[in-house]
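Participant:
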Amino acid sequence: MARFIFITGGVVSSLGKGLASAALGALLQARGYTVRLRKLDPYLNVDPGTMSPFEHGEVFVTDDGAETDLDLGHYERFTGVAARATDSISSGRVYSNVLEKERRGDYLGKTIQVIPHVTNEIKDFIRIGEDEVDFMLCEIGGTVGDIEGLPFFEAIRQFSQEKPRGECLFMHLTLLPYIKASGELKTKPTQHSVKELRSIGLAPDILVCRSEGPIPVKEREKLALFCNVRPDSVIAAQDLKSIYEAPLAYHREGLDQAVLDAFGIQPAPKPTLDRWEDVVDRIHNTDGEVRVAIVGKYTQLEDAYKSIAEALTHGGMANRVKVRIEWIDAEVFETEDAAPHLERLHAILVPGGFGERGTEGKIKAAQFARERKIPYLGICLGMQMAVIEAARNMADMDDAASEEFSDGVDPKSFTPVVYHLKEWVQGNAKITRTKTDDKGGTMRLGAYDAVLTEGSRVADAYGDTAIEERHRHRYEVDIRYREQLEKEGLLFSGLSPDGRLPEIVEVKDHPWYIGVQFHPELKSKPFDPHPLFADFIRAAKEQSRLV
Ligand code: GLN
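If you're matching positions, the sequence shown starts at 26 in my numbering and goes up one per residue.
(1) Shortest alpha-carbon distance to TYR473 belongs to which of LEU526, LEU510 and ALA425?
(2) Could you check where the beta strand (DSSP E) with LEU374 kicks off and where it finishes?
(3) For GLY380, name the three-state secondary structure that DSSP assigns.
(4) Only counting the same chain, and skipping five residues up and downstream in sequence, which positions put a Cβ closer than 7 Å to that of ILE268?
(5) Please state if the CB of PHE195 and the CB of LEU53 are separated by a distance shorter than 8 Å.
(6) Thinking just about the alpha-carbon of each residue, which of PHE251, LEU210 and GLY386 is nearest to the one in LYS322?
(7) Would you call the stretch 71-91 and the stretch 136-145 touching, i.e. three or more CB-CB distances under 8 Å?
(8) So THR459 packs on SER518, CB below 8 Å; how close in whole Å?
(9) Using only CA atoms, which one of ALA206, SER116 and LYS211 lies nearest to ILE172?
(10) So, helix, strand or coil for PHE160, using DSSP?
(11) In the structure shown, what three-state DSSP assignment does HIS496 receive?
(12) Fully enclosed by the stretch 485-556, which alpha helix (DSSP H) runs are 4 residues long or longer?
(13) Would the C-beta of GLY378 count as close to the ligand GLN, meaning under 7 Å from any of its heavy atoms?
(14) Which same chain residues end up closer than 6 Å to ARG507 when comparing Cβ atoms and leaving out the 5 residues on each side of it in sequence?
(15) Got a sec, what are the start and stop residues for the beta strand (DSSP E) SER115 sits in?
(16) I'd like to confirm something about LEU557: is its beta-carbon nearer than 7 Å to some heavy atom of the ligand GLN, or not?
(17) Mapping the DSSP letters down to three states, classify LEU199 as helix, strand or coil.
(18) Can you tell me whether MET26 is buried or exposed? The criterion is at least 16 other CB atoms within 10 Å of its CB, across all chains shown.
(19) PHE358 and LYS389: beta carbons closer than 8 Å?
(20) Does the ligand GLN have even one heavy atom less than 7 Å from the beta-carbon of ILE444?
(21) State yes or no: is the C-beta of CYS405 nearer than 7 Å to some heavy atom of the ligand GLN?
(22) Going by CA-CA distance only, name the one from GLY313, LYS548, SER38 and ASP435 that's closest to ARG235.
(23) Go ahead and label LYS243 buried or exposed: buried means 16 or more other beta carbons lie within 10 angstroms of its beta carbon, across all protein chains shown.
(24) What residues are listed by DSSP as bridge partners for TRP449?
(25) Would you mind reading off the limits of the alpha helix (DSSP H) that contains ILE172?
(26) Is the stretch 334-347 close to the stretch 355-370, with three or more CB pairs under 8 Å?
(27) Compute every distance between the C-beta of GLU429 and the non-hydrogen atoms of the ligand GLN, then say whether any falls below 7 Å.
(28) Comparing C-alpha positions only, which one of VAL483, ALA355, ARG397 and PHE379 sits nearest to ALA372?
(29) Taking Cβ positions, are GLY313 and VAL346 nearer each other than 8 Å?
(30) Using 8 Å as the threshold, is the C-beta distance between PHE288 and ARG129 below it?
(31) Consult DSSP for PRO441 and reduce its assignment to one of helix, strand or coil.
(32) Which residue from TYR58, ASP131, VAL450 and ILE456 puts its Cα closest to that of ILE290?
(33) Taking the alpha carbon of ILE165 as the reference point, which residue from GLY174, VAL158 and GLU157 has its own alpha carbon closest?
(34) From TYR132, SER46, HIS142 and PHE79, pick the residue whose C-alpha is nearest to that of ASP96; which is it?
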């Protein structure tokens, strides 16, 4: 049976609750325990799949095909535990389950209410797989006091009452603002936030306080006294240079020890922290810097490409170089020449995306990388744009385009080298779609196998010819153009096992030019950088010696 740790936030949002949860998960692993992390989000969307990246940052996809919150990416990157669809739930999902049951008559004529029906649904979700791990960490999205969060807070309160004493722990993350004029760290907002929690029946066992500097003893004691926690359970979370310093920093502050103490685990197993010491060493001891362009459309909000930015950092760690990302809005290339923006850079990455805006700019970036022999990694839409570019400029198919941008366009007016996929195979099952399907959850989603051509650059990078990667897309490169494009030097070096879907393309006479239909960034870890990102940054490092 698992012990449960509930992580809540107060004072303001964006304090790094997901990161604190992930780092605690990593520290419990370092003590020899198994963990699983979960996110409970109060918003009403059924999942973040339909939310704009501007609203909610990137959508993180699990192996089993769920579109989830980007915090699940942090969880995976810190613990290496592959998240599942059942690790992410929102109010939207909870209510839609409850309403479905109501329509089916499962409640036998009862009046359906937030307590107990909605809270029961939440508790059932928290319990899924509780026998599988030592610790289940559940992060509640938002901050205490949010109206829509109330059913979740109520559910975890009930949950802890139903469990034997000592099996649940509450950790609350707050902010200690620093007032320059008086030179003081202020504890009052934290006191209020804990008061708010206590008014709904929750008492934190551990307080994690974000602050710019260390917390003086006086403030620590004050917090302990007024918030009713032990002084050694007031944990300082200072700003860090790299998020990957978090596990060691929290360990130094005594977070894992405080958690084990609160559960009464004695003696606490000793931690093995080599993994994180090596990670931090690789971040700080680098030899040079590579500059990588991300040419995308959500470049004002870096969270929209969270996993890609992290995977690039991991690639840098594999090669002991610092990776500096230059965020470039693809639309710039629709009016301006690419050269002044891109020629001093050591590598170009075109990420995934939806919709037509910016795509001609991405095609220009792909062309520039190909012609100037700059390392190029195209991910999902970035691969599709590379194929359109190759079709237009290598194979003289001037009207090559994607069906994604063809609404209201005469189908005979362009060559659909990228088309809307309506039928495919997953394992032994056949999946079908139509153009008018709902937008939510209807893409080719989750893990799929691919077979790589022996001797190809990509097989070389992976050191293998059988891979499994995560997908999230509706459109697909048309295999029927394979022969024509390969003749011109665009190799289809990875295919779905049935040979029908192009998974990877690469340019033959180029130092490093790869497009992948899947999202390799989702599986990269700081202690296990993804082979494609490691090799991409290796190529960028070589390029940096040339320019
Ligand atoms: N819009 C493209 C598709 O649906 C690419 C998706 C993506 O980049 N994730 O196929």
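Glycine is no exception: its CB is placed at the ideal position from the N, C-alpha and C atoms.
Quick caveat: nothing in here was measured; it's all calculated off a predicted structure.
Facilitator: Checking against the coordinates, here is how it stands:
(1) For the purposes of this step, residue 473 is taken as the residue at position 448 of the sequence shown. That would be LEU526, whose Cα lies nearest to the Cα of TYR473.
(2) On the sequence shown, position 349 is the one that residue 374 refers to. Taken as a continuous stretch (DSSP letters only), the beta strand (DSSP E) holding LEU374 covers 372-375.
(3) Taking the sequence shown and counting its residues from 1, the one referred to as residue 380 is at position 355. Correct three-state label for GLY380: coil.
(4) Residue mapping note: residue 268 aligns to position 243 of the sequence shown, counting from 1. Same-chain partners within the cutoff: LEU44.
(5) Position 28 of the sequence shown, counted from the first residue, corresponds to residue 53. Position 170 of the sequence shown, counted from the first residue, corresponds to residue 195. At least 8 Å separates the beta-carbon of LEU53 from that of PHE195.
(6) For the purposes of this step, residue 322 is identified with residue 297 of the sequence shown, where counting begins at 1. Nearest option by C-alpha distance: GLY386.
(7) No, because fewer than three Cβ pairs between the stretch 71-91 and the stretch 136-145 fall closer than 8 Å, the two stretches do not touch.
(8) Here residue 459 refers to the residue found at position 434 when the sequence shown is read from its first residue. Here residue 518 refers to the residue found at position 493 when the sequence shown is read from its first residue. So it is not a contact: roughly 31 Å between Cβ atoms.
(9) As a first step, residue 172 is located in the sequence shown; it is residue number 147 there, counting from the start. Measuring from the Cα of ILE172, the nearest candidate turns out to be SER116.
(10) In the sequence shown, counting from the first residue as 1, residue 160 sits at position 135. Of the three classes helix, strand and coil, the one that applies to PHE160 here is strand, per DSSP.
(11) Stepping through the sequence shown from its first residue, residue 496 is reached at position 471. Correct three-state label for HIS496: strand.
(12) The stretch 485-556 contains these whole alpha helix (DSSP H) runs: 507-512.
(13) Position 353 of the sequence shown holds residue 378. For the ligand GLN, at least one heavy atom lies less than 7 Å from the Cβ of GLY378.
(14) Here residue 507 refers to the residue found at position 482 when the sequence shown is read from its first residue. The residues are PHE517.
(15) Numbered from 1 along the sequence shown, position 90 holds the residue referred to as residue 115. Element bounds for SER115: 113-115.
(16) By one-based count along the sequence shown, residue 557 stands at place 532. No, Cβ of LEU557 sits at least 7 Å from all heavy atoms of the ligand GLN.
(17) In the sequence shown, the residue the question calls residue 199 occupies position 174. A quick correction: the sequence has Thr, not Leu, at residue 199. Strand, per DSSP.
(18) To locate residue 26, count along the sequence shown from 1; it is residue 1. Exposed, since its Cβ has fewer than 16 Cβ neighbours within 10 Å.
(19) In the sequence shown, the residue the question calls residue 358 occupies position 333. In the sequence shown, the residue the question calls residue 389 occupies position 364. With respect to LYS389, PHE358 sits close: the two C-beta atoms are nearer than 8 Å.
(20) Within the sequence shown, residue 444 is the residue found at index 419, counting from 1. Checking the displayed sequence, the identity of residue 444 turns out to be Tyr instead of Ile. Residue side-chain check: TYR444 keeps its Cβ at 7 Å or more from all non-hydrogen atoms of the ligand GLN.
(21) Along the sequence shown, read from residue 1 onward, the residue named residue 405 stands at position 380. Checking every heavy atom of the ligand GLN against the Cβ of CYS405, one is found closer than 7 Å.
(22) Locating residue 235 in the sequence shown gives position 210, counting from the first residue. Per the Cα distances, SER38.
(23) Numbered from 1 along the sequence shown, position 218 holds the residue referred to as residue 243. Counting the other CB atoms within 10 Å of its CB gives LYS243 a total below 16, which places it among the exposed residues.
(24) Residue numbering aside, residue 449 sits at position 424 when the sequence shown is read from its first letter. Answer is ILE456, bridged to TRP449.
(25) Here residue 172 refers to the residue found at position 147 of the sequence shown. Looking at the DSSP string, ILE172 is not in any alpha helix (DSSP H), and its letter there is neither H nor E.
(26) no
(27) Position 404 of the sequence shown, counting from 1, holds the residue named residue 429. GLU429 Cβ: within cutoff of the ligand GLN.
(28) The residue you call residue 372 lines up with position 347 of the sequence shown. Among VAL483, ALA355, ARG397 and PHE379, the Cα nearest to that of ALA372 belongs to ARG397.
(29) Counted from its first residue, the sequence shown places residue 313 at position 288. Counted from its first residue, the sequence shown places residue 346 at position 321. It is a contact, given that the beta carbons lie within the stated cut-off.
(30) Walking along the sequence shown from the start, residue 288 turns up at place 263. Walking along the sequence shown from the start, residue 129 turns up at place 104. No, they are not a contact pair.
(31) Here residue 441 is taken as the residue at index 416 of the sequence shown, counted from 1. Here PRO441 sits in strand by DSSP.
(32) Counted from its first residue, the sequence shown places residue 290 at position 265. Nearest of TYR58, ASP131, VAL450 and ILE456 to ILE290, Cα basis: TYR58.
(33) One-based indexing of the sequence shown puts residue 165 at position 140. Measuring from the Cα of ILE165, the nearest candidate turns out to be GLY174.
(34) The residue given as residue 96 occupies position 71 in the sequence shown. Considering only alpha carbons, the answer is SER46.
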